[in-house]
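Student:
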Amino acid sequence: MFWVSNLPSMVPAVSMRALTKRFDDVVAVDALDLDIADGEFFALLGPSGCGKTTTLRMIAGLEIPSAGSLKIHGDEVGTLPPNKRPVNTVFQNYALFPHMSIADNVGFGLRMQKTPKADVARRVGEAIELVRLTGMEHRRPNQLSGGQQQRVALARALVNRPKVLLLDEPLAALDLKLRQGMQFELKQLQREVGITFVFVTHDQEEALSMADRIGVMGDGELLQVGTPEEIYDQPVNRFVADFIGRSNFLPGTVEDSSTVCLTNGTRVVVDHAGTTGEAIALSLRPERVQLVDRGAVPDGHASLDGTIGAVTFLGSGVVYHVTLDWMTIEVRAENRPSVARREVGDDVSLWWRDDAVAVVPA
Amino acid sequence: MFWVSNLPSMVPAVSMRALTKRFDDVVAVDALDLDIADGEFFALLGPSGCGKTTTLRMIAGLEIPSAGSLKIHGDEVGTLPPNKRPVNTVFQNYALFPHMSIADNVGFGLRMQKTPKADVARRVGEAIELVRLTGMEHRRPNQLSGGQQQRVALARALVNRPKVLLLDEPLAALDLKLRQGMQFELKQLQREVGITFVFVTHDQEEALSMADRIGVMGDGELLQVGTPEEIYDQPVNRFVADFIGRSNFLPGTVEDSSTVCLTNGTRVVVDHAGTTGEAIALSLRPERVQLVDRGAVPDGHASLDGTIGAVTFLGSGVVYHVTLDWMTIEVRAENRPSVARREVGDDVSLWWRDDAVAVVPA
Amino acid sequence: ACGGDDDEPAADDTDDAADDSGDGDDADSGDDADSGDDAAEPAGDGPDCAVDEVDGDLFLYNWAEYIDPELLTAFEEQYGVSVTQDTYDSNEAMQPIISAGNSGYDVIVPSDYMVSIMISNGDVMALNKAAIPNYSNLADDFESGLPYDPEGAYAAPYQWGTTGLGVDKAVTGEDFPRSWALVFDQATADEYGTAGSISLLNDPRETLGAALKYLGYSLNSTSEEELNEAKELVANAPIQAFDSDGYDENLATGQTVVAHGYSGNFFVQFDEADDPAQYEYFVPDEGGTRWVDNMAVVHDAPHPCTAHTFINFILDAENGAALTNWNYYASPNEAAEASILPEILEDPAIYPDDLEKLEFISDTGDYEINFSDAFIEAKG
Amino acid sequence: MSGSSSAQARGIARFGLSLNVVVVLIFLYAPIVLLTIYSFSGARNPGQWGGFTLDWYRALGDDTRVQDAIWVSIKVALVSTVVSVVLGTMAALALERFTFRGKKVFDALLYLPIIIPDVTMAVMMLLFFTQAFDLLDAWFGLRIAKGFATIVVSHIAFNIAFVSVVVRARIAGMDATLEQAAADLYATRWRAFVHVTLPQIMPGVMGGALLALTLSLDDVVVTQFVAGPGSTTLPVYVFSLIRKGVTPLINAVSVVMLSASLVLVIGSLFAQRANQGRRRREPAA
Amino acid sequence: MSSSSLDPLDIVDPDHEHHHVGEEVERRLRKADRRRGLLLALPAYLYMVLFFAVPLVIVLVYSFATRTSSGSVALSGWNLDSYRKLGEPIVRNVVFRSAWLAAITTFVCLVIGYPYAYYAATRRPLVRNLLLVAVMIPFWTNFLVRNYSWRLLLSTGGPISSATEAVGLGETDLLFTRTAVVLGLTYSFLPFMILPLYASIERIDWRLVEASRDLYSNGVQSFLKIVLPLSLPGVIAGSILVFVPSLGAYVTPEILGGGRETMLGSYIVTQFLTARNWPVGASVSFVLMAVMLSATIVYFRSGGKNL
Ligand SMILES: Nc1ncnc2c1ncn2[C@@H]1O[C@H](COP(=O)(O)OP(=O)(O)OP(=O)(O)O)[C@@H](O)[C@H]1O
Ligand SMILES: Nc1ncnc2c1ncn2[C@@H]1O[C@H](COP(=O)(O)OP(=O)(O)OP(=O)(O)O)[C@@H](O)[C@H]1O
Ligand SMILES: NCCCCNCCCN
Ligand SMILES: [Mg+2]
Ligand SMILES: [Mg+2]
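Chains as they are written, first to last, in our numbering: chain A, 460 to 821; chain B, 460 to 821; chain C, 36 to 415; chain D, 4 to 288; chain E, 3 to 309.
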């Protein structure tokens with residue numbers, strides 16, 4: 460490996476305190492507090508316009524914060540120009556220099572840092588090898604496929620051995636099949652080089668499968684930070700639950716600390732219901748709902764009766780839209796020969812394990 | 460509903476015979492034979508450059524076939540210019556007219572057909588209502604979000620009540636969340652209006668969840684046509700199996716009509732193995748592999764022993780990369796509290812039901 | 036008394052020109068041949084026009100600001116035709132337009148050397164003198180014996196003048212040599228403060244001609260050595276600019292101290308100055324150029340009779356006087372002198388006493404190229 | 004907005020850029036300001052200040068020769084602009100959107116008017132017209148004279164080239180699928196052109212028209228050679244004055260034409276802006 | 003836009019009869035498309051052939067003819083004399099001098115035009131349009147008057163001279179100098195530099211600049227390594243559009259330069275008018291055009307389409 464792995468340290472790689480960015484009257488990023496640990500693969504996730512790119516650009520130095528503090532490895536960098544930060548970026552559209560060869564693209568940062576010529580050549584060669592593009596050094600970016608361009612962008616950033624690598628939707632322009640391949644590679648690479656990755660995406664599955672921790676943003680604010688499992692299984696609110704994966708929201712009222720009364724009157728036992736009388740919703744993931752013949756619900760579980768309204772085949776699974784009197788619930792079943800397929804119109808019952816739901820504010 | 464539903468008929472909506480398109484020395488579409496039924500939602504799927512767009516463009520009349528026959532509702536249309544075909548297209552980038560209001564965009568086709576003014580106004584209003592954009596008639600395309608633009612493009616095509624609607628990756632530019640929403644809407648809409656949809660995508664899950672039938676293309680040729688389930692469960696070859704969903708390919712040799720001997724010597728019972736002695740591969744979907752503690756395989760099933768090499772959390776599921784001596788197998792498990800999570804390094808055994816595999820040429 | 040006794044070379048040239056006229060026809064792109072033939076006819080029988088006959092409106096192609104518009108109005112009223120005048124800024128721009136044919140003009144006003152070029156090219160038509168009785172109003176030396184058209188067969192003199200130097204006496208003082216040395220001699224130029232503040236005409240014949248004159252040669256010299264000498268002189272003179280367009284203004288604004296140019300322009304300019312006495316125009320003692328602008332009828336004039344009538348009209352005594360009283364150039368029209376303002380008539384700068392030292396520029400044929408090349412080289 | 008925060012120059016560079024803009028604007032307008040001032044000068048010599056006067060504007064009102072020349076100029080400019088915009092736009096479309104025999108020759112032919120020296124073009128047009136007229140006379144007995152038409156024809160000959168270069172740049176940047184979308188929506192080629200292509204390339208067409216207008220209004224040499232009696236344009240008239248002295252009358256003419264075009268240009272800019280503003284204010288449900 | 007000029011396109015649309023598909027039909031349709039292209043080009047094509055190419059051929063023929071002693075052209079005895087003349091020192095001097103002056107002019111236009119175009123291209127749309135129109139407006143006045151105005155500005159005792167004197171720099175005697183010529187040419191052709199530059203700078207993807215900043219370039223390096231190379235098409239287009247007419251200029255060098263620097267344009271005018279030597283005027287023009295056309299075609303065909 461051609462870089463020295465960062466030694467584990469207690470100082471966060473990136474540390475933001477009340478970091479804020481205003482554009483005229485728009486608050487793009489609103490008082491963010493966040494520490495990203497050294498060597499971590501951190502994903503920023505959120506809908507379009509929520510401030511992900513702006514956050515990344517502040518870390519990169521491409522945008523000056525309006526307020527707050529921003530430290531990289533302990534040093535305040537708030538107004539340092541981008542060329543003076545130990546940070547590199549992989550841009551969404553790659554931003555490869557169209558008038559330079561692949562080798563020149565990759566070596567650009569080193570040359571700008573006045574690295575000795577021989578070193579540049581060697582390190583460029585190593586970086587190009589790392590992303591498996593050896594032999595293409597002399598091509599121009601427009602002579603490469605999307606996936607190859609993506610790798611050049613990666614090599615161009617990594618070759619500088621940044622303390623933090625920022626990636627703004629690096630895979631968004633690739634088609635699904637290629638994207639899946641690159642996700643895997645990127646994750647591998649991050650493990651190998653041990654550099655802190657801050658990764659922006661709006662594809663939840665991408666974030667879930669790649670990140671050590673995820674920060675979910677909405678409207679300039681950080682809504683939840685946690686491991687993929689925490690975020691998926693214990694979303695703090697409806698927005699997070701819905702944005703990360705699909706979810707059914709069953710409205711109800713808290714009866715006591717472990718019981719919720721759904722709108723249709725069904726009583727449901729949950730782990731932590733909240734304050735009595737509070738209007739809440741149960742977040743229930745489609746794959747956690749059990750679909751059985753009408754009435755075949757095991758004892759001791761709340762159950763809902765309904766009819767199959769629509770069936771969507773997804774390949775690895777099937778989604779049933781089950782119509783209840785008062786709402787429609789999505790149920791995901793594995794596509795296995797052992798699992799019986801239901802038809803539209805079938806009468807069914809739904810049930811779930813008590814620990815399968817999360818209570819979120821209504 | 461403002462259009463007359465097409466009466467069911469035996470005449471296919473689109474019928475291609477040996478339809479071929481050559482660009483100089485590139486054969487973009489190679490002797491396609493395909494009938495698309497009236498009212499069907501047909502998806503064309505395949506990797507980049509396989510000829511999907513070219514096929515669609517021939518149907519639309521934007522490309523003249525080099526050879527073969529192309530009929531729409533029984534009429535040969537091979538060289539008819541696009542403006543004389545009862546077909547409309549939703550372009551990938553929408554191709555909305557930037558200098559016209561939404562209403563003018565939607566009414567364009569009707570005006571070109573010299574529809575009386577009052578009719579134009581009424582039908583444009585209905586179409587805009589159909590795609591839920593009422594109130595935005597007077598905006599310009601650049602004042603709409605991606606999803607809204609997509610709906611305008613749809614309305615602009617549908618308002619003409621075409622016999623066939625062509626959609627070239629209409630959702631590719633939308634972000635995942637929005638795309639999922641639009642998939643559902645589009646499918647609904649197609650059911651409502653009963654128009655034949657020919658839909659191009661390279662997103663398999665999109666094709667699987669939306670289409671009545673799917674045609675998988677590769678290199679200008681049609682490799683397989685069938686319902687989503689047929690394509691997913693009985694792929695005709697490795698390419699189709701891999702392209703539609705993920706799959707593990709276990710190499711082996713046919714021993715007799717119902718037995719395959721895998722490379723590692725394991726004997727596996729299958730439904731239709733093929734010719735004795737033939738080198739084949741077993742296509743085994745990750746979600747059909749059962750992951751159990753080492754040795755806990757039910758009797759009567761072939762089993763493979765391995766170790767968990769990597770775990771990828773996907774939200775609704777978890778993918779285990781199981782390392783065997785001779786290959787790695789992906790296994791997908793549901794993410795449910797009832798299913799125990801495995802850790803990297805766990806020793807496990809794999810098994811599957813006999814009908815879970817498909818035999819494909821090696 | 037002076038014009039007829041012109042130098043030999045000029046006379047020779049006229050002969051050359053006459054000889055060349057045949058070539059000129061061949062040379063003319065085929066279709067001009069007919070009109071060329073007309074022009075090549077022996078002088079004297081122009082178009083069959085009666086005195087005061089008009090055969091249509093008049094189309095006049097003239098130098099800018101060269102005629103009192105009221106004179107044109109008078110012609111229109113007198114003969115019931117309308118006059119369309121377009122203007123040009125140089126003989127050289129006018130000639131190809133006329134020469135090409137189909138120009139649509141009836142009367143043009145070429146300068147002396149251009150008249151001979153145009154005669155040999157067949158660009159102008161022989162005059163029917165019978166239709167121009169006022170031709171006899173011309174002074175004797177203008178009526179005949181002009182080197183470029185000795186018989187007066189093609190052209191009727193319009194105005195004449197000289198080329199010389201205008202000087203800003205505020206710089207030079209009153210007491211400076213009236214000599215080309217002011218321009219060509221470094222020491223003299225330094226002495227009178229003209230060095231680096233001189234403008235010469237941007238015209239090979241005029242400027243090299245001035246140098247030739249200073250050197251004591253004819254300005255129509257076709258000697259290579261003499262031309263070379265003149266070229267060197269111009270090349271080494273302390274000149275600020277070669278300027279045919281704004282030399283008078285530049286003198287008046289102090290940009291230059293000495294300017295080479297045409298007499299009439301200076302007078303108009305000096306008149307405008309706060310103190311006209313600050314400036315002086317003179318023809319240097321070594322001699323200078325005398326020029327005559329002439330009216331001629333275009334070879335394919337659509338209205339030759341109106342053209343003759345117009346020439347006759349201008350040659351009228353009163354009209355000729357009006358012309359000079361308006362544009363401050365000397366009139367060749369002797370009969371007009373009675374009505375010319377005395378201050379014009381008595382101004383030696385306009386009507387020089389000593390015509391001996393003046394020379395006409397004549398066309399040198401192939402040698403023109405040497406002049407133009409030499410001038411380009413001299414300019415650097 | 005094309006410049007992002009870090010693309011926008013900061014500090015000294017920013018100051019230098021702004022300073023350069025100011026310097027360029029002063030450079031461009033200093034002569035214009037001066038000629039405007041002198042249009043109010045009482046002196047006949049444009050270099051001397053002769054006290055404030057409106058005489059030259061009054062003289063302009065009386066001077067039919069100048070007025071005629073202005074009208075000829077304007078008519079020539081308008082006609083040649085309209086024709087060259089039509090022909091140049093068609094040529095641009097053909098070159099950008101089609102292949103056809105002789106395309107390369109056409110392409111090269113369209114660059115020639117941009118690089119030919121003015122006099123050469125003047126001489127060649129003069130020779131061409133006179134010889135063509137002689138031929139027409141000899142063959143058909145047609146007698147044609149140079150004049151307004153020959154000026155227009157010559158101006159079109161150079162303007163087509165300038166228009167097509169500008170329009171081509173615009174077409175090259177245009178999304179071709181828009182035309183396909185129009186065809187798909189039952190538009191014939193012609194209607195697709197009118198309703199979709201033309202509005203899209205309009206900025207290029209307008210730019211080309213502006214350039215053609217400027218070139219035509221400013222041309223001297225070609226015009227002088229191909230003009231006929233009575234069809235003098237303003238620049239040719241002004242040029243012929245060059246030896247006798249250009250009076251402030253011509254400054255006054257310049258000021259009048261400048262003001263007129265300024266009103267037109269600024270008017271259209273604001274109309275455009277008001278238009279955009281209205282669009283922006285439309286209901287955003 | 004005249005409708006008749008485009009209508010024929012629809013007439014050649016394939017009819018309903020041509021329903022059988024195949025290479026033959028494809029070829030025929032492609033041919034129809036080519037015909038359509040030709041039809042579209044035809045009005046301008048014919049126009050340019052009749053009213054430009056034919057006249058040009060006439061002068062081309064003249065360039066092989068001989069000047070008669072009266073200065074007309076003898077259309078006989080064809081020869082290459084006028085082309086031989088181009089090799090003489092006098093012509094070479096003129097060519098070198100004008101190329102040098104045109105190059106300086108081009109350089110000055112580039113140096114002041116580039117930042118202007120850059121500034122304009124990075125403003126919001128209204129400011130952008132105003133800055134571009136501001137470049138065009140002076141050209142709505144008469145070109146001779148503009149040149150005279152410069153003459154006044156530069157003259158001894160004129161505004162510039164007075165200004166420099168007032169600030170203690172002494173009088174500046176710029177009129178009738180080489181500087182004045184360059185100044186005047188720069189003034190005349192600056193818009194032709196700014197417009198294509200603006201077009202190509204405006205098209206630059208600014209994210210590339212950010213990427214370079216991210217890769218440790220300072221502002222100057224980003225400009226030199228990214229912006230400048232990417233705007234090269236505009237630089238070249240602008241340079242052609244300034245260089246070519248500067249070479250051919252003749253009024254400005256005479257009015258502002260005091261006629262002391264014979265430029266190629268003046269030389270050609272002199273040949274056609276003063277010397278009445280049309281064969282040489284024509285041959286110089288043709289060689290100039292041939293050189294420029296090759297340069298232009300090489301550039302424009304290699305992908306740049308700017309103005
Ligand atoms: N330069 C700018 N000027 C004004 N507003 C801006 C600017 N850049 C971003 N914004 C606004 O700030 C908000 C956050 O934008 P940002 O680009 O960070 O969102 P994002 O989360 O990256 O979205 P996406 O997923 O669409 O890329 C948006 O409302 C956006 O319109
Ligand atoms: N106009 C053309 N000229 C030459 N080749 C072409 C043309 N259009 C398409 N091709 C070639 O034909 C093949 C099929 O292209 P097509 O656009 O139909 O693919 P596609 O399946 O739509 O791909 P994608 O998913 O990338 O859109 C490709 O190899 C492409 O390069
Ligand atoms: N390069 C010569 C093109 C002819 C156009 N002449 C326009 C002159 C504007 N001053
Ligand atoms: Mg973003
Ligand atoms: Mg495609």
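Idealized CB from N, CA, C, for every residue including glycine.
Write down the C-beta distance between A:ASP494 and A:PRO524 rounded to the nearest angstrom, noting that I regard them as a contact closer than 8 Å.
Tutor: Position 35 of the first sequence, counted from the start, is the residue given in the question as residue 494 of chain A. Position 65 of the first sequence, counted from the start, is the residue given in the question as residue 524 of chain A. With 8 Å as the limit, A:ASP494 and A:PRO524 do not qualify as a contact, their Cβ atoms being about 16 Å apart.
Student: May I have all residues whose beta carbon comes closer than 6 Å to any heavy atom of ligand 1, sorted in chain order?
Tutor: Taking each Cβ in turn, the ones that pass are A:PHE482, A:VAL485, A:ALA487, A:GLY505, A:SER507, A:GLY508, A:CYS509, A:GLY510, A:LYS511, A:THR512, A:THR513, A:HIS661.
Student: Can you find the residues in the same chain that come closer than 7 Å, C-beta to C-beta, to B:TRP785, ignoring five residues on each side of it along the sequence?
Tutor: Mapped onto the second sequence, residue 785 of chain B falls at position 326. Around B:TRP785: THR722, ASN723.
Student: Decide if B:GLN647 is buried, meaning its Cβ has at least 16 other Cβ atoms within 10 Å, or exposed.
Tutor: Taking the second sequence and counting its residues from 1, the one referred to as residue 647 of chain B is at position 188. Flag for B:GLN647 reads exposed.
Student: Looking at the strands, I want to know which residues DSSP matches up with B:CYS720.
Tutor: The residue you call residue 720 of chain B lines up with position 261 of the second sequence. Paired residue(s): B:THR712, B:ARG726.
Student: Taking 8 Å as the CB-CB cut-off, is B:SER525 touching chain E?
Tutor: The count along the second sequence starts at 1 and reaches residue 525 of chain B at position 66. Closer than 8 Å to some Cβ of chain E, the Cβ of B:SER525 qualifies, so yes.
Student: Excluding the five sequence neighbours on either side, which residues of its own chain have a C-beta within less than 7 Å of the C-beta of D:GLY2, listed in chain order?
Tutor: Because chain D spans 4 through 288 in this model, residue 2 of chain D falls outside it and cannot be assessed.
Student: Using 8 Å as the cut-off, can you tell me whether the stretch 144-156 of chain E makes contact with the stretch 247-265 of chain E, which would need three or more C-beta pairs spanning the two stretches below that distance?
Tutor: As far as the Cβ criterion goes, the stretch 144-156 of chain E touches the stretch 247-265 of chain E, which means the pair count is three or higher.
Student: If we require 3 or more residues per run, which beta strand (DSSP E) segments fall completely within the stretch 635-693 of chain B?
Tutor: The qualifying runs are 655-660, 672-677, 680-685.
Student: Compute the beta-carbon to beta-carbon distance between D:LEU96 and D:ILE159, rounded to the nearest angstrom, for a pair I have assumed lies under 8 Å.
Tutor: Position 93 of the fourth sequence, counted from the start, is the residue given in the question as residue 96 of chain D. Position 156 of the fourth sequence, counted from the start, is the residue given in the question as residue 159 of chain D. The Cβ separation is near 18 Å, so there is no contact.
Student: On the premise that A:GLN608 lies in contact with A:LEU555, defined as a C-beta separation below 8 Å, what is that separation, rounded to the nearest angstrom?
Tutor: The residue labelled residue 555 of chain A in the question sits at position 96 within the first sequence. The residue labelled residue 608 of chain A in the question sits at position 149 within the first sequence. About 6 Å; that satisfies the 8 Å criterion.
Student: Examine chain D for any beta-carbon lying closer than 8 Å to the beta-carbon of E:ASN81, and answer yes or no.
Tutor: Position 79 of the fifth sequence, counted from the first residue, corresponds to residue 81 of chain E. Answer no: the Cβ-Cβ gap between E:ASN81 and chain D never drops below 8 Å.
Student: Please classify E:SER163 as buried or exposed, where buried requires at least 16 neighbouring CB atoms within 10 angstroms.
Tutor: Counting from 1 along the fifth sequence, the entry for residue 163 of chain E is found at position 161. E:SER163 should be labelled buried.
Student: Flag A:ASP627 as yes when its Cβ comes closer than 7 Å to any non-hydrogen atom of ligand 4, and as no otherwise.
Tutor: Here the question's residue 627 of chain A lines up with position 168 in the first sequence. Yes; taking the cut-off as 7 Å, the Cβ of A:ASP627 has a heavy atom of ligand 4 nearer than that.
Student: Select from E:LEU171, E:LEU155, E:SER248 the residue whose C-alpha is nearest the C-alpha of E:PHE191.
Tutor: On the fifth sequence, residue 191 of chain E is found 189 positions in, with the first residue counted as 1. It is E:SER248.
Student: When you compare each of D:ALA274, D:GLY248, D:GLN203, D:VAL268 to D:ALA46 by their alpha carbons, which one comes out closest?
Tutor: Here residue 46 of chain D corresponds to residue number 43 of the fourth sequence, with the count starting at 1. The candidate whose alpha carbon is nearest that of D:ALA46 is D:GLY248.
Student: Determine, using beta carbons only, whether E:THR174 comes closer than 8 Å to chain D.
Tutor: Looking up residue 174 of chain E in the fifth sequence gives position 172. E:THR174 does not count as touching chain D.
Student: Quick one: any contact between the stretch 287-304 of chain C and the stretch 221-239 of chain C, if contact means 3 or more CB pairs under 8 Å?
Tutor: Yes, they touch.
Student: Helix, strand or coil for B:HIS780 per DSSP?
Tutor: In the second sequence, the residue the question calls residue 780 of chain B occupies position 321. Strand, per DSSP.
Student: Give, in chain order, every unbroken run of the alpha helix (DSSP H) that is at least 4 residues long and sits entirely within the stretch 149-196 of chain C.
Tutor: Whole alpha helix (DSSP H) segments, 4+ residues: 175-178.
Student: Could you spell out the range, first to last residue, of the beta strand (DSSP E) harbouring C:ASN97?
Tutor: As a position in the third sequence, residue 97 of chain C is number 62, starting the count at 1. Where C:ASN97 is concerned, the enclosing beta strand (DSSP E) stretches over 93-98.
Student: In chain order, what residues of the stretch 668-681 of chain A put their CB closer than 7 Å to some CB of chain B?
Tutor: If the cut-off is 7 Å between Cβ atoms, the stretch 668-681 of chain A has SER668 near chain B.
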